[in-house]
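*Asks:* Protein chains in written order, with this note's numbering: chain W, 261 to 428; chain Y, -9 to 90. A virtual CB, placed ideally from N, CA and C, is assigned to each residue, including glycine.
Following this line, the structure appears as structure tokens:
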């Protein structure tokens, strides 16, 4: 019961603040609402018994990505930015998106699906999580480290001021 | 036990708010933020299904999604910065160098 209350509380909080993320004019305000949203989503992960996921969400999103956004907005001088124009607004999406969302929610709420078969799964405990991550999913885990290394090099190369062929 | 339908509706809402941001905003930084919202919506669905099926697989997949989101944010910001040095704008409508 308490978990359910916590879930609904954070769900409302996350939906409202994510609406603010996409509607604010000022990018800095959007970043602040994004921080609010990702922390609320971390609360939802905790209420769904995904504690490790919630902790990673707080560390990576709340501590990393939001700060990265703030730095990028600070680095570029805000007064240099031209005001936002919306001439290429795809008008069909104004009606198509809410309609699609409505039908999907209706589908989730009204169609009764049979419960999935509960096989001999490991359960939600933390040791089970770690054991599965480092045995069944070991290869994707190692590939992920290669991806991170590539991102580290690629981001520096892309963002540096001089081009590669310039003489130092 | 949280009903899986509530998790689905909530994840869909976050996903569609993010989709709305990607499609309608022209500010590049806010579009990247909306991408984070999209990935968060997917993560909520994965965590909810993991909770429903009593299996850690959903959480593990969500970890990989978070990792991908971080990589995307880092490279995306590198591209945004190098583009901003040339054009002095975040407006997507100005990205028309390849227009025939």
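1) Who are residue 81 of chain Y's beta bridge partners in DSSP?
2) Mark residue 387 of chain W as exposed unless 16 or more other C-beta atoms lie within 10 angstroms of its C-beta, in which case mark it buried.
3) In angstroms, rounded to a whole number, what distance separates the CA positions of residue 67 of chain Y and residue 307 of chain W?
4) Compute the Euclidean distance between the alpha carbons of residue 296 of chain W and residue 282 of chain W, then round it to the nearest angstrom.
5) Check the C-beta distance from residue 364 of chain W over to residue 71 of chain Y and give it rounded, since I have them as a contact under 8 Å.
6) Residues of the stretch 9 to 35 of chain Y with a CB closer than 8 Å to any CB of chain W: list them in chain order, please.
7) Does the distance from the C-beta atom of residue 309 of chain W to that of residue 56 of chain Y stay below 9 Å?
8) So, is the C-beta of residue 299 of chain W closer than 9 Å to a C-beta in chain Y?
9) Residues of chain W with a CB under 8 Å from the CB of residue 88 of chain Y: which are they?
10) Which runs of the alpha helix (DSSP H), 4 residues or longer, sit entirely within the stretch 387 to 427 of chain W?
11) Would you tell me roughly how many angstroms separate the C-alpha atoms of residue 51 of chain Y and residue 87 of chain Y, rounded to the nearest one?
12) Taking the straight line between their C-alpha atoms, what separation do you get for residue 60 of chain Y and residue 288 of chain W?
*Replies:* If we stick to the structure as given:
1) Against the second chain, residue 81 of chain Y aligns to sequence position 91. DSSP output for residue 81 of chain Y lists Y:17 as bridge partner(s).
2) Stepping through the first chain from its first residue, residue 387 of chain W is reached at position 127. Its Cβ having fewer than 16 others within 10 Å, residue 387 of chain W is exposed.
3) One-based indexing of the second chain puts residue 67 of chain Y at position 77. One-based indexing of the first chain puts residue 307 of chain W at position 47. Taking the straight line from one Cα to the other gives about 32 Å.
4) Taking the first residue of the first chain as 1, we reach residue 296 of chain W at position 36. Taking the first residue of the first chain as 1, we reach residue 282 of chain W at position 22. Each residue's alpha carbon lies about 13 Å from the other.
5) Taking the first residue of the first chain as 1, we reach residue 364 of chain W at position 104. Taking the first residue of the second chain as 1, we reach residue 71 of chain Y at position 81. Not quite, the Cβ-Cβ distance comes to about 36 Å (not below 8 Å), so this is no contact.
6) Listed by position, the residues of the stretch 9 to 35 of chain Y near chain W (Cβ gap below 8 Å) are 9, 10, 11, 13, 14, 15, 16, 17, 19, 20, 22, 23, 24, 26, 27, 30, 33 and 34.
7) Your numbering for residue 309 of chain W matches position 49 in the first chain. Your numbering for residue 56 of chain Y matches position 66 in the second chain. With contacts defined as CB atoms closer than 9 Å, residue 309 of chain W and residue 56 of chain Y fail to qualify as a contacting pair.
8) For the purposes of this step, residue 299 of chain W is taken as residue 39 along the first chain, with counting starting at 1. So, not an interface residue.
9) Residue numbering aside, residue 88 of chain Y sits at position 98 when the second chain is read from its first letter. By Cβ distance, chain W contributes nothing, its closest Cβ being about 15 Å from residue 88 of chain Y, past 8 Å.
10) At a cut-off of 4 residues, the continuous stretches assigned as alpha helix (DSSP H) that sit fully inside the stretch 387 to 427 of chain W are 398 to 419.
11) Here residue 51 of chain Y refers to the residue found at position 61 when the second chain is read from its first residue. Here residue 87 of chain Y refers to the residue found at position 97 when the second chain is read from its first residue. C-alpha separation (whole angstroms): 38 Å.
12) Translated into positions along the second chain, residue 60 of chain Y becomes position 70. Translated into positions along the first chain, residue 288 of chain W becomes position 28. Residue 60 of chain Y and residue 288 of chain W have their alpha carbons spaced roughly 20 Å apart.
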